[in-house]
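**Q**
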Amino acid sequence: MNTLQENYYFPLDRYISQERMDRLRDFTRGKETPLLVVDLDLVRERYELFQKTMPFAKVYYAVKANPMDEVIELLRDLGSSFDVATRYELDQLLRLGVDPARMSYGNTIKKRADIQYFYENGVRLFCSDSFEDTQNIAQNAPGSKVFFRLITEGTGSDWPLSRKFGAHSDVLYNLALRARDLGLIPWGLSFHVGSQQRDIGQYDDGISRAKYLFTCLQDEGIELQMINIGGGFPANYVDPTLPMETYASEIKRFLHEDFGDELPEVLIEPGRGMTADAGVIVSEIVLVAKKAKNGLYRWVFLDVGMFGGLIETFNEAIRYPIYFDKSGKSEEIILAGPTCDSMDIMYQNFRYRMPHSCGIGDRAYILSTGAYTQSYSSVNFNGFPPLQACVLPASQ
Ligand SMILES: *Cc1c(COP(=O)(O)O)cnc(C)c1O
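Start counting the sequence shown at 3; every next residue gets the next number (the numbering used here).
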């Protein structure tokens with residue numbers, strides 16, 4: 003089934019409570035759109051869920067998913083650690099008083115000067131997947147801990163992170179030996195199964211490959227201490243996933259199957275799973291048009307699109323639940339953004355529905371948009387400012 007059947011196709015309460023929706027509506031009434039509104043209570047709940055379901059794992063929040071100061075401050079206060087990708091993210095975290103001992107430099111692609119900058123600012127945990135980069139780390143961050151990233155296919159995920167990152171086991175094996183020779187501490191292994199990963203078994207593959215390398219390196223006198231199973235944890239989009247609890251219990255089972263009773267240090271790096279469901283983009287319908295006399299579908303142009311934060315609709319990879327304020331009989335539509343680029347069409351194959359009573363000036367609420375939206379929005383394309391974001395005030 004490639005189209006939504008019902009008049010009111012999104013059971014709203016699968017995504018957001020009526021109370022929260024009302025609060026959001028009240029709060030944004032009269033405000034300029036598009037606007038991303040993030041509910042910090044939901045970020046907190048998600049952090050606590052990760053802790054409760056995976057008490058054996060240490061959370062390194064992937065800052066890139068949603069770098070709002072308020073989100074970082076909340077997670078800082080909750081005790082989270084952070085997966086940092088650039089010196090700019092590092093500067094932000096330092097400004098917000100995050101202890102560098104709670105950070106890892108997780109990007110495998112980094113300038114020498116940036117490695118040095120992280121080192122000077124107290125970061126001692128680095129990720130690598132190549133000889134060249136490991137050598138740069140040895141020279142610019144001497145004596146640091148390094149973990150090595152396994153390559154994955156991203157199979158089963160909606161937004162894969164394959165090929166560009168990671169290396170095969172034999173490369174990492176030699177890399178660990180090399181790192182030791184260069185005075186670094188070979189600390190562990192990591193992988194990322196691909197973002198919005200629907201196939202929990204992909205974690206099993208990564209864990210088994212990591213375990214194999216743990217064992218091989220032991221024979222060389224290298225005792226790895228840590229496994230970093232990355233992100234991939236699900237957000238609540240149109241296509242359902244298994245609940246977080248199932249991810250956690252399966253991952254726990256995989257870990258114990260491979261490592262026995264005594265687990266190494268386990269890291270997780272949730273980005274999407276931490277913040278996506280906490281955000282709603284409030285948007286306005288700019289135009290509704292039928293482009294041909296006999297055209298089957300009306301085009302609905304929102305004031306937010308691919309360049310304004312919805313780039314993950316590329317190839318319709320991520321399907322956000324979209325909620326229109328009105329109800330009643332509905333029709334299938336094509337959804338596009340406001341810019342002068344013909345790529346700026348969000349959904350034309352998967353057909354969303356919009357109530358007939360909705361029109362120009364009405365609002366559309368794009369749910370589960372707290373991750374990879376504001377941080378992806380363009381700066382000035384067509385003069386549009388980057389997506390604005392704010393926090394939903396707490397309930398009284
Ligand atoms: C982006 C990224 C993450 C976050 O992934 P999600 O699927 O959003 O949870 C984690 N680790 C690394 C290294 C990343 O690049």
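C-beta atoms are modelled at their ideal positions from N, C-alpha and C, and glycine is treated no differently.
Quick caveat: nothing in here was measured; it's all calculated off a predicted structure.
Evaluate the contact criterion for the region 264-280 versus the region 225-244: three or more CB pairs, one atom per stretch, below 8 Å.
**A** yes
**Q** Give me the Cα-Cα distance between Arg52 and Ala291, rounded to the nearest whole angstrom.
**A** Here residue 52 turns out to be Phe, not Arg, going by the sequence shown. Rounded to whole angstroms, Phe52 to Ala291 spans 44 Å at the Cα level.
**Q** With 16 as the cutoff for other CB atoms within 10 Å, does Ser146 come out buried or exposed?
**A** buried
**Q** For the beta strand (DSSP E) containing Ala373, name the first residue and the last one.
**A** Where Ala373 is concerned, there is no enclosing beta strand (DSSP E), given that its DSSP letter is neither H nor E.
**Q** How many angstroms separate the CA atom of Pro102 from the CA atom of Ile335?
**A** Their Cα atoms are separated by approximately 48 Å.
**Q** Nearest-angstrom Cα distance between Val306 and Lys328?
**A** 19 Å
**Q** Is Ala67 buried or exposed, if buried means 16 or more other CB atoms sit within 10 Å of its CB?
**A** Around the beta carbon of Ala67, a 10 Å sphere encloses 16 or more other beta carbons of the protein chains shown; the residue is thus reported as buried.
**Q** Quick one: grab the DSSP three-state call for Gln227.
**A** coil
**Q** So Thr277 and Val39 are in contact, right, with Cβ under 8 Å, and what is the actual spacing, rounded?
**A** No, Thr277 and Val39 are not in contact; Cβ-Cβ is about 12 Å, not under 8 Å.
**Q** Are there 16 or more other CB atoms within 10 angstroms of the CB of Gln220, so buried, or fewer, so exposed?
**A** exposed
**Q** Pick out whichever of Tyr205, Tyr378, Ala280, Ala212 has its Cα sitting closest to the Cα of Ala250.
**A** It is Tyr205.
**Q** Please classify Pro36: does DSSP put it in a helix, a strand, or coil?
**A** Shown here, Pro36 sits in coil according to DSSP, grouped into three states, outside any helix or strand.
**Q** Answer yes if the region 245-259 comes into contact with the region 283-298, meaning at least three C-beta pairs across the two stretches below 8 Å, and no otherwise.
**A** no
**Q** Can you name, in chain order, every residue of its own chain whose Cβ lies under 7 Å from the Cβ of Phe84, other than the five neighbours on each side?
**A** Tyr62, Tyr63, Val65, Leu95, Val100, Arg104, Met105
**Q** By the 10 Å Cβ neighbour count, where 16 or more other Cβ atoms means buried, how is Lys213 classified, buried or exposed?
**A** Buried is the call here.
**Q** Just curious, the alpha helix (DSSP H) that Glu247 is in, first and last residue?
**A** 246-261
**Q** With the cut-off set at 7 Å, would you say Val393 and Glu50 are in Cβ contact?
**A** no
**Q** Does ligand 2 have a heavy atom nearer than 6 Å to the CB of Asp85?
**A** This structure lacks ligand 2; its bound ligands are ligand 1.
**Q** Between the Cα of Ile111 and those of Pro323, Ile320, Phe150, spot the shortest distance and give me the residue it belongs to.
**A** Phe150
**Q** Within 10 angstroms of the Cβ of Asn9, are there 16 or more other Cβ atoms? Answer buried if so, exposed if not.
**A** Confidence is the limiting factor: at Asn9 the pLDDT is only 40, short of 50, which leaves the residue's position unreliable, though a coordinate-based value still follows. Looking at its Cβ environment, which holds fewer than 16 other Cβ atoms inside 10 Å, Asn9 is exposed.
**Q** Indicate, with yes or no, if ligand 1 has a heavy atom lying under 6 Å from the CB of Arg300.
**A** no
**Q** For ligand 1, I want to know if Ala67 counts as a neighbour, meaning its beta carbon is within less than 6 Å of at least one of the ligand's heavy atoms.
**A** yes
**Q** When you compare the CB of Asn351 with every CB in chain C, is at least one pair closer than 7 Å?
**A** In the structure shown, chain C cannot be found, because there is only a single protein chain.
**Q** Between Pro357, Ile117, Gly81, Thr375, which has its C-alpha nearest Leu92's C-alpha?
**A** Checking every option, the nearest Cα to that of Leu92 belongs to Ile117.
**Q** Just to confirm, does Ser197 get its C-beta within under 6 Å of one of the non-hydrogen atoms of ligand 1?
**A** Within the cutoff, so yes.
**Q** Relative to the C-alpha of Asp183, which candidate in Glu222, Ser370, Arg126, Pro357 has its C-alpha closest?
**A** That would be Glu222, whose Cα lies nearest to the Cα of Asp183.
**Q** Using a threshold of 6 Å, is the CB atom of Arg274 nearer than that to any non-hydrogen atom of ligand 1?
**A** For Arg274, the Cβ falls inside the 6 Å cut-off from some heavy atom of ligand 1.
**Q** Do you know whose CA, among Glu34, Gly196, Leu191, Ile153, lies nearest Phe216's CA?
**A** For the residues Glu34, Gly196, Leu191, Ile153, the minimum Cα distance to Phe216 belongs to Leu191.
**Q** Quick one, are the C-beta atoms of Ser197 and Ser159 less than 7 Å apart?
**A** yes
**Q** Which of the three DSSP states, helix, strand or coil, is assigned to Met356?
**A** strand
**Q** Near Arg16, which residues of its chain fall below 6 Å by C-beta distance, leaving aside the five closest residues on each side in sequence?
**A** none
**Q** How about Gly1: is its Cβ closer than 6 Å to a heavy atom in ligand 1?
**A** For the chain, the structure presents residues 3 to 398; residue 1 sits outside this window and is missing.
**Q** Where Pro13 and Gln20 are concerned, what is the direct C-alpha to C-alpha distance, given to the nearest angstrom?
**A** Taking the Cα positions, Pro13 is about 11 Å away from Gln20.
**Q** Does ligand 1 have even one heavy atom less than 6 Å from the beta-carbon of Ala319?
**A** no
**Q** Given a threshold of 16 other Cβ atoms within 10 Å of its Cβ, counted over all protein chains shown, does Leu177 qualify as buried or as exposed?
**A** Counting Cβ neighbours within 10 Å, Leu177 comes out buried, since at least 16 surround it.
**Q** Which residues in the same chain as Thr35 place their Cβ atom closer than 6 Å to its Cβ, once the five residues preceding and following it in sequence are excluded?
**A** Val284, Ser285, Glu286, Asp305
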